[in-house]
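If you count the sequence shown from 1, you need to add 56 to reach this note's numbering.
C-beta atoms are modelled at their ideal positions from N, C-alpha and C, and glycine is treated no differently.
All remarks here apply to the structure that follows.
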Amino acid sequence: MNSAYDPINEVSLKDDTFGDREFMSVGWGKKETQFHGSEGKSAARKKKEETEVEIDLSKIDPQVQISWRADGEYFAVGFLGPFGRAFKVFNKEGALQFTSEKCYGLEVPMGWKPSGLWIAVPQILKDKYVVALFEKNGLKHREIDLPFSHEDELVKGIYWSHDSEVLVIRTQKLSRGKNCLYFLIICNYHWYIKQYQEFEQDIIGIQWDLKYSERRTLHVLLKDGHYEASRWDFSVDHSTGLEHTDESLVAVIDRASVLLTNFRGVVIPPPMCGFSVKVEDLINSISFLRNPQDQMDSNCFLTVDFHNKVSFFKPDFTDTAVRRLTGVQLLGKALDIGPGNYSHWLWLSNDTLLAVEGSNTLKVFKVDVCKSEFCVLDSFSVGTEIDRIGCIEPINESSAMIETFTGQLFKLELQPSISLCEHLQLPEFCEQMRIDHSDPTKCKIYSLRNRQNLYADGIKIASDVTSMFLTEHYLLFTTISELKFVDLKKNVIVGDRRIERGSKLVVVVPKSARTVFQLPRGNLEAIAPRILSLCLVADHLNALEYHEAFDILRKERINLNLIVDHNPHLFLSNLDRFLEEITNVNWLNLFISDLQNQDVCSDMYESNYLGREVSAIDGYQVDSKSEFLCDRLLQAFNSAKTGINYMLPKITCYVKKGMLEKALEVIWDLKKMPSKGDDADEALKYLLYLVNVNDLFNVALGMYDFGLVLFVATKSQKDPKEYLPFLNELKRLDEDYRKYKIDCHLKRFGKAIENISRYQDDEGKFQEALQLTITHGLYGKAMIAYKGNDKYYRKICTSYGDHLRQANKQVEASLIYEKAGEYQLAIAAARNAADWERCLKLAAIAGYDHDEVRRLVQSLIPALQESGEYVAASRLVKDYLKDHRIAVEILLKDHLFDKALLEAHISDRSLVDDLIRPNLKGYLQTFLHKLASEKEEFTKHKNRLLLVREEKAKKKLDPQHDEDDDNLEDCDLYSEVSTVASSRHTTSSGRSGKSHRSSKNRRKHERKLLSLKEGNPYEDIALVDALHTLVTRLCSPERQRQVRTICKAAIEMDFLLEASHIQKEYGELFHLIKFSLDAIWIPEMVVPGSGQDVETTAMATGNLEQVQNVQHYAMIKPHQRYKPDLQSVPWKFEVLE
């Protein structure tokens, strides 16, 4: 029927039809094609003997049961058929889809799992009572064994929680008439009975709450009108100790058994376990001892069955390296607390037990475990009458934190007297709570709303959190696919790593890095997060437990530099202790080989060393750490009294320092000792593992000891045909020449020059040395080697001078030519370098006469003028050519009127009127025109910039204007230096390839960017670039001094009017520029220098227009984004005002 009660469809349950989606056989899986095992092929020809089961339908309940799937697409109808009870599956239009397979013993109750996976129906089998799970197509999938028989109890109802996690089975005991509820969950294909409840009255109604905020809240209504609401959440019961004695014991409730696994020693996936403890009745609660004392430890636990009998247990472990759980001791006898609805059991200390009765009544029990005695110390209500206690977490042995469903936290104090006070109000109720009390003055409360928010003292620090675990130094929590770490001291996330999607934390082993997750399907996974491993290593290093630290680093492939970088001063102070603990020579070799000139605590493992400070150590620097430590280790090896042969670590140190010759020398000295021959062979074999055999052969050859060379060659498996002819040839040569040939072979040309230079009087050997010098540019080495032979020394200097002159290093060539005594060449090189002072000095040394000096000066003057040294050229003309007129003319070419006037007044005053006056008069007019054109150019650029900005502002106000169209064509012009993250051009289109343009195209586009053509989208940027260049040139101190010099000369020559005009014009230009800077360089141009800063600005302001301005102005060169700093020097004359 529909909502108006009009029939949509009618189907007879008696019809022998399967449904619209009846199975179709395509011939696969026939009996003839299957394997029959020991029966043989004849089994394929046997006819199936069908046995009819007689069923008395009159004894079967005929009522019809309907169960809808949660999405409303399908519903199942259970009915009494000709072969007993069955069910049919219909869609929401009433069309029959499937009919269940023929199964005998089905009963009336039926529940369809909300996720749609199974339909649960009770079934009576020959030897057991089960809940059968059917698929949607009516085929039986599996079954759940019930812990009772149908003669004792009957299933009256099946109820799935709305998240499909919990299955509640309602039964009725036939003998006593009690109604019972069994709470089941599935993990790794095993069904656990987690909770059990009994009711004296009949249950007339059961309903899971539909509100998402209420989660798994079950409402139960009894026949006498009594109503109960209970909320159920998942939690992991595990030991909580922080010492090595804690075995990370996890307890799992399964019917009347407790499944125990100690994860410090083993990782066993459920439903298996390390040990199982069975009690008389079904278990409802487990609690581990939180604050153990005396003979107790944190592995002790208690169980509470549904009769409220409390049993205390202490597990036993083996004494092996990997401790295994061997048994469990029952401590005393079980305590019968008596009737009552108890929950939230907490074993606070050896003699203190907390429990909640009802909804908000907290009871404090005093217990004596050994004597099996207890008493109630106090009982009181928490919060208001309507409050419900949802969580209890201990703080220490005499206090605990209690949370109600309103999120209110209460602090319970048991010493010196029992008291309860409000502590903190959380934003919402959190099912899980952990308390960090590492700070004795204050405890920090971490609370988690399942699959939602994580809080620290009520402040949200993360969202979408699925689980959490508190360790000694970190709070670990998981999201859907990440594991994150919160530093307890700084309360910040310091690291994360990927995990399998949906994994949740089970336990983190204390004083270890082992972290155990449970995957969605139920399997376990154990990992060792790097952050926890580093924290564990740090504890070992601080305790000088180098062997334990080294073992962890080696197994988990952590950089061994951490042993030093963790605390260099501590390591160097305890180097002897390090050698005492690390007795394995191979470990020492590994440590030395891994040494690097870097601080791994500041880069590789920075997350574990935030805010770390390292004290200074004499001689220790990170840049030379490897060499420094090798030196210290060598000293420690020589002075060690451990009785260990440190020959191989010493060799490793020498190799690490690059001292292969020293390593070979140590081995060769050992070889020369008759009793140490085998040790030398072993040492050389080890060295060949560290160094390439050819490199080691060359090093031995470079030591000029043929015995050592042969020793290395024979141990290196080199073919004698490769090296014996060469060695025999070398033996026939003189010692020095042999060394020369060896050095040339090894390409040690510097040493080769030193060896061959010992032949001071052999012209042939010198020519060979000279050719080697020229070929490899060893002039400096050769000059030092032949310093004592003047003849060869001069030849080498001449060759070196030729080399420098060809390289256009004229000044250096002149110096070297001088050492060779080639003064003509030295003068020529100095003249090419326009070094007139050196030319004159060399001419004096070479003994030039007056005419030769005059010709030299005449050749220098044009070169000096080309290089802009007009003052020097004028001085040479005056001093050596004695031509004052030409000297003044040269000064006037550079407009040095003050120096020209000085020269004219000293030498020939007629030159003032003949040369200086007309030249100055013409230049004053030219300079005035120049100032006018510069002023016009500045004004033009400034006005155009203001106009462009005004037009852009109007375009932004136009709703029809799309700014993306202006910039899309040139979106690749954004500066690579500024690294701006554009909010518009983020698609990965073909234009993204433009970032890989050649440098030529990049320069082309930069010229396009700085084009002053009107209409250019980036015209304002080009104008700012041009104005910046113009302002820095016109207002520079050099321009101001130039104006003052010109005006000074004009005043001296009586050009007062022209000088006054120049001073006035430049003053107006300077004033115009100064007061235009704020209009040109607006505040919006000062932008951050990185894309991250731009993104931060966008998020902080939310102003899209501001972000677009930032992106646009980021294309301006950084130093041009700020207005120039104008420096003023005295340049005005009062007489011209």
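Touch check for the segment 446 to 453 and the segment 421 to 432: three-plus C-beta pairs under 8 Å? No: the two stretches stay apart, fewer than three of their Cβ pairs being nearer than 8 Å.
What are the boundary residues of the beta strand (DSSP E) that includes threonine 854? Numbered from its first residue, the sequence shown carries residue 854 at position 798. Counting along the chain, threonine 854 falls outside any beta strand (DSSP E), though it belongs to the alpha helix (DSSP H) covering 846 to 862.
Looking at the secondary structure, which residues open and close the beta strand (DSSP E) in which alanine 1115 lies?
Numbered from 1 along the sequence shown, position 1059 holds the residue referred to as residue 1115. Unbroken run through alanine 1115 is the alpha helix (DSSP H), 1112 to 1130; no beta strand (DSSP E).
- Closest to leucine 136 by CA distance: which of Lys807, Gln121 and Ser519 is it? As a working note, residue 136 is residue 80 in the sequence shown. Ranking the options by Cα distance to leucine 136, first place goes to Gln121.
**Asked** With a cut-off of 8 Å, do at least 3 Cβ pairs link the segment 351 to 369 to the segment 320 to 329?
**Response** With the cut-off at 8 Å, the segment 351 to 369 and the segment 320 to 329 do not touch.
**Asked** Tell me, which residues are paired with asparagine 347 by DSSP?
**Response** Translated into the one-based positions of the sequence shown, residue 347 becomes position 291. For asparagine 347, DSSP records a beta bridge to Ser405.
Point to revise | Between the CA atoms of aspartate 1134 and leucine 1192 - distance to the nearest angstrom | key: Reading the sequence shown from its first residue, position 1136 is the one you call residue 1192. Reading the sequence shown from its first residue, position 1078 is the one you call residue 1134. Between leucine 1192 and aspartate 1134, the C-alpha separation is close to 30 Å.
For glycine 699, does the count of other Cβ atoms within 10 angstroms reach 16, so buried, or fall short, so exposed?
One-based indexing of the sequence shown puts residue 699 at position 643. That one is exposed.
Going by DSSP, what residues sit across from tryptophan 216 in a beta bridge? Taking the sequence shown and counting its residues from 1, one reaches residue 216 at position 160. Listed as beta-bridge partners of tryptophan 216 by DSSP are Leu223.
Exercise. Just mark glutamine 251 as buried or exposed, buried being the case when its beta carbon has 16 or more other beta carbons within 10 Å.
Key: Against the sequence shown, residue 251 aligns to sequence position 195. That one is buried.
_With the cut-off set at 8 Å, would you say lysine 184 and phenylalanine 190 are in Cβ contact?_
Along the sequence shown, one-based indexing puts residue 184 at 128. Along the sequence shown, one-based indexing puts residue 190 at 134. Taking 8 Å as the cut-off, the Cβ atoms of lysine 184 and phenylalanine 190 do not count as close.
Check for me: the alpha helix (DSSP H) holding lysine 681 runs from which residue to which? As a first step, residue 681 is located in the sequence shown; it is residue number 625 there, counting from the start. Counting along the chain, lysine 681 sits inside the alpha helix (DSSP H) bounded by residues 681 to 695.
### Query
Since phenylalanine 362 contacts glutamine 253 with CB under 8 Å, what's their CB separation in whole angstroms?
Against the sequence shown, residue 362 aligns to sequence position 306. Against the sequence shown, residue 253 aligns to sequence position 197. Right, their Cβ atoms sit about 7 Å apart.
Where lysine 986 falls, given that 16 or more other Cβ within 10 Å makes a residue buried = Taking the first residue of the sequence shown as position 1, residue 986 is located at position 930. Answer is exposed; the Cβ neighbour count stays below 16.
Nearest-angstrom Cα distance between leucine 69 and lysine 144? Looking up residue 69 in the sequence shown gives position 13. Looking up residue 144 in the sequence shown gives position 88. Spanning the two alpha carbons is a distance of roughly 8 Å.
| Where isoleucine 339 sits in the DSSP three-state scheme | Along the sequence shown, read from residue 1 onward, the residue named residue 339 stands at position 283. In the three-state scheme derived from DSSP, where H, G and I count as helix and E and B as strand, isoleucine 339 is classed as strand.
Inter-residue CB distance, arginine 505 and cysteine 486 (contact presumed, cutoff 8 Å) = For the purposes of this step, residue 505 is taken as the residue at position 449 of the sequence shown. For the purposes of this step, residue 486 is taken as the residue at position 430 of the sequence shown. Cβ-Cβ separation between arginine 505 and cysteine 486: approximately 5 Å, consistent with a contact (criterion under 8 Å).
_Let's see if you can read the secondary structure: which residues bound the beta strand (DSSP E) around arginine 554?_
The residue you call residue 554 lines up with position 498 of the sequence shown. Start and end: 548 to 554.
| Buried versus exposed, by CB contacts within 10 Å (16 or more), glutamine 1119 | Numbered from 1 along the sequence shown, position 1063 holds the residue referred to as residue 1119. Here glutamine 1119 is buried. Its C-beta has 16 or more other C-beta atoms within 10 Å.
Beta-carbon spacing of isoleucine 638, cysteine 709 below 8 Å | The sequence position of residue 638 within the sequence shown is 582, counting from 1. The sequence position of residue 709 within the sequence shown is 653, counting from 1. No.
Check for me: the alpha helix (DSSP H) holding asparagine 811 runs from which residue to which? Position 755 of the sequence shown, counted from the start, is the residue given in the question as residue 811. First-last of the alpha helix (DSSP H) with asparagine 811: 805 to 812.
| request: Below 7 Å CB to CB, which residues in the same chain sit around aspartate 62 once its five sequence neighbours on both sides are set aside? | output: For the purposes of this step, residue 62 is identified with residue 6 of the sequence shown, where counting begins at 1. Closer than 7 Å at Cβ, skipping near neighbours: no residue.
* Whose CA, out of Asp818, Tyr676 and Glu824, lies closest to the CA of phenylalanine 805? -> The residue labelled residue 805 in the question sits at position 749 within the sequence shown. Answer by Cα proximity: Glu824.
Straight-line CA distance for isoleucine 608 to glutamate 721?
Locating residue 608 in the sequence shown gives position 552, where the first residue counts as 1. Locating residue 721 in the sequence shown gives position 665, where the first residue counts as 1. Using only the alpha carbons, I get a separation of about 36 Å.
Where does aspartate 1020 land, buried or exposed, given buried means 16+ other C-beta within 10 angstroms? Position 964 of the sequence shown, counting from 1, holds the residue named residue 1020. At aspartate 1020 the pLDDT is 49, less than 50, meaning the model places this residue with poor confidence; the figure from the coordinates comes in the next sentence. Taking a 10 Å sphere around the C-beta of aspartate 1020, we find fewer than 16 other C-beta atoms and assign the residue as exposed.
message: With H, G and I counted as helix, E and B as strand and the rest as coil, what does DSSP make of methionine 1141?
response: Start at 1 with the first residue of the sequence shown, and residue 1141 comes out as number 1085. Helix at methionine 1141.
Taking just the CA atoms, how far does threonine 1101 sit from alanine 1115? The residue given as residue 1115 occupies position 1059 in the sequence shown. The residue given as residue 1101 occupies position 1045 in the sequence shown. Cα to Cα, alanine 1115 sits roughly 10 Å from threonine 1101.
According to the Cβ coordinates, are glycine 140 and isoleucine 116 closer than 8 Å?
On the sequence shown, position 84 is the one that residue 140 refers to. On the sequence shown, position 60 is the one that residue 116 refers to. The answer is yes: Cβ separation under 8 Å.
Exercise. Under the three-state reduction of DSSP, which class applies to isoleucine 122: helix, strand or coil?
Worked result: Start at 1 with the first residue of the sequence shown, and residue 122 comes out as number 66. In the displayed model, isoleucine 122 falls within a strand according to three-state DSSP.
Could you give the DSSP three-state label for alanine 1170: helix, strand or coil?
-> In the sequence shown, residue 1170 corresponds to position 1114, counting from 1. DSSP places alanine 1170 outside both helix and strand once states are collapsed to three, so it counts as coil.
- Give the C-beta separation of tyrosine 130 and phenylalanine 146 to the nearest angstrom, bearing in mind that I take them to be a contact with Cβ-Cβ under 8 Å. As a first step, residue 130 must be located in the sequence shown, where it is residue number 74. As a first step, residue 146 must be located in the sequence shown, where it is residue number 90. Contact between tyrosine 130 and phenylalanine 146 holds, since their C-beta atoms are separated by about 7 Å, short of 8 Å.
**Message:** Helix, strand or coil for histidine 1175? Go by DSSP, reduced to three states.
**Reply:** Against the sequence shown, residue 1175 aligns to sequence position 1119. Helix at histidine 1175.
Check your understanding: What are the boundary residues of the beta strand (DSSP E) that includes lysine 196?
Key -> Along the sequence shown, read from residue 1 onward, the residue named residue 196 stands at position 140. Note, lysine 196: beta strand (DSSP E), 196 to 201.
**Asked** Taking DSSP as the reference, what is the three-state secondary structure of asparagine 975?
**Response** Mapped onto the sequence shown, residue 975 falls at position 919. DSSP places asparagine 975 within a helical segment (H, G or I) once states are collapsed to three.
Exercise for review: Just confirm the distance between the C-beta atoms of arginine 28 and tryptophan 403, as a whole number of angstroms; I'd bet it's less than 8 Å.
Suggested key: It is not possible to answer for residue 28, since the shown part of the chain is limited to 57 through 1193.
Taking tyrosine 575 as the reference, which of Asp595, Val564 and Ile536 has the closest Cα? Translated into the one-based positions of the sequence shown, residue 575 becomes position 519. For clarity, residue 575 is leucine in the given sequence; the question names tyrosine instead. Looking at Asp595, Val564 and Ile536, the one whose alpha-carbon comes closest to that of leucine 575 is Ile536.
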